[in-house]
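So in the numbering used here, spot 182 of the sequence shown is number 186, and the numbers just go up one at a time. The beta carbon of each residue, even a glycine, is placed where N, CA and C say it ideally should be. Below is one structure; the comments refer to it alone.
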Amino acid sequence: MWNNVLYILFLPILLAFVYGPNSSNNHPFHDLRSNTPLRILLLTAHPDDECLFFAPTIQSLLSIGRVGQSRSPTLDSTPEIYSLCLSSGNADGLGKVRQIELQRSLNILGINDENQRVEDHPHLQDNITASWDPDVIADVLEPYVLEHKITTILTFDSGGISGHPNHVSLPLGVQNLMKRNLATAGIPPRLFTLISVPLVTKYNSILAPILAKFDLVTSQTALAFEQWIIRTINHFGVEIGPVPQASPRMVPVFVSGVPEYLRALNAMRMHQTQLVWFRWLNVLFSRYMWVNEWVEIQITL
5 MWNNVLYILF LPILLAFVYG PNSSNNHPFH DLRSNTPLRI LLLTAHPDDE CLFFAPTIQS
65 LLSIGRVGQS RSPTLDSTPE IYSLCLSSGN ADGLGKVRQI ELQRSLNILG INDENQRVED
125 HPHLQDNITA SWDPDVIADV LEPYVLEHKI TTILTFDSGG ISGHPNHVSL PLGVQNLMKR
185 NLATAGIPPR LFTLISVPLV TKYNSILAPI LAKFDLVTSQ TALAFEQWII RTINHFGVEI
245 GPVPQASPRM VPVFVSGVPE YLRALNAMRM HQTQLVWFRW LNVLFSRYMW VNEWVEIQIT
305 L
């Protein structure tokens with residue numbers, strides 16, 4: 005009987021824990037050295053990348069201003085989010101249809117039509133066997149970044165999540181652009197890449213948000229305790245250093261709740277041409293529908 009009682013008590017707690025979203029920091033991409041408003045570019049390779057891999061981040065960033073998570077005038081406004089997809093996904097001759105699907109998906113995720121662009125460059129075509137030239141990517145990217153005053157670029161890492169060579173090429177192209185800016189004494193945008201995880205971790209489904217939220221809660225609790233200890237010691241006149249504002253161990257993390265997951269699922273449904281059986285398995289079990297973890301890539305000449 006007691007086992008049944010424990011299950012009844014535990015289940016609502018677990019559901020409540022999973023239901024809401026969470027993140028490692030209200031403004032993880034904000035540069036504390038600058039008061040420039042965030043203008044973030046999501047750089048993808050193909051239509052459907054935005055919802056298969058990046059939906060937790062998009063939705064969390066767009067919620068910042070709406071929920072009033074900061075008292076800073078610079079940070080109170082919702083970041084401006086842009087989407088640049090470097091191909092129309094025309095590998096099967098469906099490029100025009102897929103562009104429409106992408107627009108509908110981005111609208112569901114909250115990115116306005118005027119902040120969306122799809123490129124159809126002859127040297128950046130959807131091809132699962134070919135890498136893209138980083139210099140061509142930088143050439144395409146540079147005018148868009150300048151036009152929209154982009155401060156931060158989010159894209160795949162060197163593993164490309166799925167290992168797709170088009171995905172893997174994107175961070176190389178961004179790094180080429182950053183090197184150009186440094187060489188001309190310009191200020192390059194910051195680059196964050198989505199961390200690729202091992203196959204077993206990649207498809208752990210509902211365990212992903214549970215484990216990620218547990219890790220966030222324990223890290224945030226440890227940080228709060230450390231802050232309290234330092235403030236208490238400083239109060240008695242013993243200066244042991246500044247109060248940490250964020251844990252140095254904590255990478256930017258975004259974890260979707262149930263409503264955010266369902267919105268990402270609805271966005272994926274806009275990609276009707278891609279809804280084959282194995283993609284249904286992907287959206288049901290993929291960690292990236294729930295959790296995004298980022299690392300900043302810094303460039304020096």
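Requested in this report: Note the first and the last residue of the continuous alpha helix (DSSP H) segment covering TRP298.
Outcome: Per DSSP, TRP298 belongs to no alpha helix (DSSP H); it is in the beta strand (DSSP E), 295 to 301.
Report task. Have a look at GLU123 and SER92 and give me their C-alpha separation to the nearest angstrom. Result -> 7 Å
Query raised in the report: So what does DSSP say about VAL122, is it helix, strand or coil?
Result: Reduced to three states, the DSSP call for VAL122 is strand.
Requested in this report: Mind checking who CYS89 pairs with in its DSSP beta bridge?
Outcome: THR48, VAL122
Query raised in the report: Are three or more beta carbon pairs between the stretch 98 to 107 and the stretch 140 to 152 nearer than 8 Å?
Result: Not touching, per the Cβ criterion.
Query raised in the report: Shortest alpha-carbon distance to ARG43 belongs to which of VAL140, SER200, PHE33?
Result: Out of VAL140, SER200, PHE33, PHE33 has the C-alpha closest to the C-alpha of ARG43.
Query raised in the report: Using a Cβ-Cβ cut-off of 6 Å (strictly less than) and excluding sequence neighbours within five positions of ASN119, which residues of its own chain qualify?
Result: TYR86
Query raised in the report: Shortest alpha-carbon distance to GLU264 belongs to which of TYR292, GLN276, ARG283, HIS275?
Result: TYR292
Query raised in the report: Nearest-angstrom Cα distance between ARG267 and LEU158?
Result: 20 Å
Query raised in the report: Around the C-beta of PHE218, are 16 or more other C-beta atoms found within 10 angstroms, so that it is buried, or is it exposed?
Result: A residue is called buried when at least 16 other Cβ atoms come within 10 angstroms of its Cβ; PHE218 does not meet this threshold and is exposed.
Report task. Tell me whether PHE282 sits in a helix, a strand or coil according to DSSP, three-state version. Result -> helix
Query raised in the report: With which residues is ILE157 paired in a DSSP beta bridge?
Result: LEU45, LEU195
Query raised in the report: What whole-angstrom Cβ distance do LEU65 and PRO83 have, given they're in contact under 8 Å?
Result: Under the criterion of beta carbons closer than 8 Å, LEU65 and PRO83 qualify as touching, at roughly 5 Å.
**Report entry** Assigned secondary structure, VAL172 (DSSP; H/G/I helix, E/B strand, else coil)
**Finding:** helix
Query raised in the report: When you compare only the Cα positions, how much space is there between ASN116 and LEU46?
Result: Our two residues, ASN116 and LEU46, have alpha carbons roughly 13 Å apart in a direct line.
**Report entry** Enclosing alpha helix (DSSP H) for VAL204 [first to last residue]
**Finding:** 203 to 206
Requested in this report: Note down the Cα distance separating THR78 from VAL295, rounded to an integer number of angstroms.
Outcome: Only weak support exists for where THR78 lies, its pLDDT of 44 falling under 50; the value from the coordinates is given anyway. Spanning the two alpha carbons is a distance of roughly 27 Å.
Requested in this report: Flag this pair as yes or no: are the beta carbons of THR133 and PHE196 separated by less than 8 Å?
Outcome: The Cβ-Cβ distance between THR133 and PHE196 does not fall below 8 Å.
Query raised in the report: For LEU1, is the classification buried or exposed, using 16 other Cβ atoms within 10 angstroms of its Cβ as the cut-off for buried?
Result: Since the first residue of the chain shown is 5 and the last is 305, residue 1 is not available in this structure.
Requested in this report: Have a look at LEU56 and GLN302 and give me their C-alpha separation to the nearest angstrom.
Outcome: 26 Å
Query raised in the report: Pick from PHE282, LEU285, PHE258: whose alpha carbon is nearest that of THR61?
Result: The closest CA to that of THR61, considering only PHE282, LEU285, PHE258, is found on PHE258.
Query raised in the report: At what residues does the alpha helix (DSSP H) containing VAL144 begin and finish?
Result: 138 to 152
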